[in-house]
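Each remark here refers to the structure printed beneath this line.
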Amino acid sequence: MKKKWNSHMRDWASKWLDLPPDVASEVPRIEWIGNYRLRVENYKKIEELTEKSISLSTKLGSLEILGSRIVVKVIDPEVVIVEGEIEDVRYRSKK
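Note that our numbering has the sequence shown beginning at 3, numbered continuously upward.
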């Protein structure tokens, strides 16, 4: 019931404040800066971390970041910032 209420309130706030739907929702938001930094919002947890890849779980699926010298520079409950030589980003939706 609480999740349904939160979702309803986010939708209402988005419409009332004339915000894009992605701003008020819990979907993953990815900002890729050059080939060296990736900022991911609304992740659930880090599934796997190696020097060549990082896998993040999100509400809608999983996100895999591939490259070399991959490190997590910032991690907090809402945002993770990954740095390194990023070569590829793959997204797999939940089925």
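Yeah, the Cβ is synthetic: ideal placement off N, Cα and C, and Gly gets one too. Source: prediction; values computed, not measured.
> How would you label Val82, buried or exposed, when you count the other beta carbons within 10 angstroms and need 16 or more for buried?
Replying inline: To locate residue 82, count along the sequence shown from 1; it is residue 80. Buried, by the Cβ-count rule.
> Residue range of the beta strand (DSSP E) that Lys54 falls in?
Replying inline: Here residue 54 refers to the residue found at position 52 when the sequence shown is read from its first residue. Note, Lys54: premise wrong, no beta strand (DSSP E); not H, not E.
> Taking the continuous beta strand (DSSP E) assigned at Leu65, which residues delimit it?
Replying inline: Numbered from 1 along the sequence shown, position 63 holds the residue referred to as residue 65. Where Leu65 is concerned, the enclosing beta strand (DSSP E) stretches over Gly63 to Ile77.
> Can you tell which of Gly86, Lys61 and Lys75 has its C-alpha closest to the C-alpha of Asn2?
Replying inline: Because the chain spans 3 through 97 in this model, residue 2 falls outside it and cannot be assessed.
>> Please state whether the Cβ-Cβ distance between Glu49 and Ser70 is less than 8 Å.
In response: Taking the sequence shown and counting its residues from 1, one reaches residue 49 at position 47. Taking the sequence shown and counting its residues from 1, one reaches residue 70 at position 68. No; because the gap between Cβ atoms is not below 8 Å, this pair is not in contact.
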